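Please read the structure below before turning to the comments.
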Amino acid sequence: MDFLKIFGRESVSSKDIAKERLRLILIHDRANVSPKFLEMIKSQLIDMISNYMEIDEEGLELKMTRIDKEENVTVPALVANIPIKKVKHLAKI
Amino acid sequence: MGEVIVITSGKGGVGKTTTTANLGTGLALYGNKKVVLVDADIGLRNLDVVMGLENRIVYDLVDVAYGVCRLKQALIKDKRFENLYLLPAAQTKDKTAVTPEQMKKLCEDLKKDFDYVIIDCPAGIEQGFKNAIAGADKALIVTTPEVSAVRDADRIVGLLEAAGFEEPKLIINRIRPDMVKRGDMMDIDDMIDILAIDLLGVVPEDEKIVISTNRGEPAVADENSRAGKAYRNMVNRLLGHDVPLMPLENVEPSFFDKLRMFFGMKARAR
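As given, the protein sequences belong to chains A and B, one line each in that order.
Counted the way the numbering used here counts, the first sequence spans residues 1 to 93.
Counted the way the numbering used here counts, the second sequence spans residues 1 to 270.
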């Protein structure tokens with residue numbers, strides 16, 4: 001693809017660049033992730049997961065980040081790292 | 001009881017005032033409705049200039065809000081178009097001169113006398129925006145095919161929804177079919193896709209808008225203007241008619257158009 005650039009022709013149209021940039025900007029704008037908002041999700045996550053397993057609440061980590069979806073395309077992602085202490089007996093479920 | 005429609009955008013310079021002038025004039029001219037245009041951009045009034053009514057201002061919106069004059073005294077009747085009136089903004093005050101409550105009261109009063117109250121909202125999301133949307137029943141969002149304008153439009157969609165507006169509609173302004181064709185400008189579908197709201201209409205970039213603003217005559221009344229046609233279509237959609245989007249291809253002049261131009265006649269807008 002690079003040889004196209006040598007001849008002054010970009011392989012991606014500027015419209016597609018605009019669209020992709022806008023998409024990411026808006027996901028961030030819309031999410032408006034404040035620490036308070038993350039705390040809210042965190043406490044609800046703890047409540048929900050605690051029904052099934054014993055987790056290390058202090059060690060729980062939750063953050064907004066970006067992950068690679070495919071080449072040159074990243075998407076925002078909510079990543080949670082939840083250390084498990086003990087899995088409850090789930091036989092009845 | 002009339003309907004209050006606020007024209008908003010977030011970003012400045014995308015064409016709110018031009019849209020307000022043209023949709024309002026169109027509703028009065030083609031819909032035969034009694035219309036009042038309200039300039040809510042206190043401190044930076046411009047709707048009067050776009051409408052060519054700047055020399056007839058005596059009282060303004062702030063005077064009405066504080067009871068300095070009666071509402072009827074501040075309304076300027078447009079002599080060119082039956083049923084069209086303008087309530088100008090104050091130029092010497094700022095956005096904090098009126099409160100959302102005062103605007104709500106003003107809209108209630110105007111609704112009693114007019115079929116349509118069209119409000120030109122200032123740019124931004126602060127007090128001026130809050131005032132402009134306070135008394136509105138419906139909202140239209142103007143954007144242009146640029147990242148910055150679409151981003152701001154998205155912010156406005158969120159704020160309008162939070163304020164209880166159902167289904168604000170989008171107006172895409174100043175689209176350039178030649179650039180869209182080359183892949184150098186976002187097209188209609190791209191923007192609807194991203195903003196996820198309904199479309200009211202699309203206005204192509206048109207030199208005639210500059211000319212009509214120079215003259216203070218809304219382009220909606222210009223049969224030869226493509227932008228004018230786009231505004232007329234939007235007026236009809238607001239009136240409840242089902243009008244298809246006009247094709248956006250850069251229409252080459254036909255043989256007959258060239259012939260007309262040769263004889264010094266104007267080509268028809270298509």
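Built from N, CA and C at the ideal position, the CB exists for glycine as well.
These numbers were taken from a predicted model, which means no experiment stands behind them.
{"Check": "Length of the line joining the Cα atoms of B/I209 and B/V220", "Outcome": "9 Å"}
{"Check": "Close-in-space but distant-in-sequence residues of the same chain around B/V14 (CB under 7 Å, 5 per side omitted)", "Outcome": "V142, T143, T144, A149, N173"}
{"Check": "Inter-residue CB distance, B/P100 and B/K138 (contact presumed, cutoff 8 Å)", "Outcome": "With 8 Å as the limit, B/P100 and B/K138 do not qualify as a contact, their Cβ atoms being about 17 Å apart."}
{"Check": "Residue burial classification, A/V12 (beta-carbon count within 10 angstroms, cutoff 16)", "Outcome": "exposed"}
{"Check": "Coil, strand or helix - B/G13 by DSSP", "Outcome": "coil"}
{"Check": "Same chain, Cβ closer than 7 Å to B/L200, neighbours up to 5 away in sequence not counted", "Outcome": "L140, K169, L170, I171, M234, R237"}
{"Check": "Which of helix, strand or coil DSSP assigns to B/V117", "Outcome": "strand"}
{"Check": "Minimum Cβ-Cβ distance from A/R66 to chain B less than 7 Å", "Outcome": "no"}
{"Check": "Within chain A, partners of B/V147 - CB distance below 8 Å", "Outcome": "A18, R21, L22, I25"}
{"Check": "Where A/M1 falls: helix, strand or coil (DSSP)", "Outcome": "At A/M1, the pLDDT of 46 sits below 50, so the modelled position is not reliable; the number obtained from the coordinates is stated separately. Here A/M1 sits in coil by DSSP."}
{"Check": "4 or more residues per run - each alpha helix (DSSP H) lying fully within the segment 45-69 of chain A", "Outcome": "none"}
{"Check": "Alpha-carbon to alpha-carbon, B/K11 and B/L47", "Outcome": "17 Å"}
{"Check": "Alpha-carbon to alpha-carbon, B/D154 and B/D178", "Outcome": "26 Å"}
{"Check": "7 Å Cβ shell around B/G26 - same chain, five flanking residues per side excluded", "Outcome": "V220, Y231, R232, V235"}
{"Check": "Beta-carbon proximity check, B/R176 vs B/M186, cutoff 7 Å", "Outcome": "no"}
{"Check": "Anticipated Cβ contact below 8 Å, B/V6 with B/A136, distance rounded", "Outcome": "4 Å"}
{"Check": "Straight-line gap, A/M40 to B/E166 (C-alpha atoms, nearest Å)", "Outcome": "28 Å"}
{"Check": "Three-pair Cβ contact test at 8 Å for the segment 55-74 of chain A versus the segment 89-96 of chain B", "Outcome": "no"}
{"Check": "Own chain partners of A/A80 with C-beta closer than 6 Å, once the 5 adjacent residues on each side are dropped", "Outcome": "L62"}
{"Check": "Length-filtered (4 minimum) alpha helix (DSSP H) runs lying within the segment 83-118 of chain B", "Outcome": "100-113"}
{"Check": "Close beta carbons around B/D109, own chain, < 7 Å, minus the five adjacent residues each side", "Outcome": "L71"}
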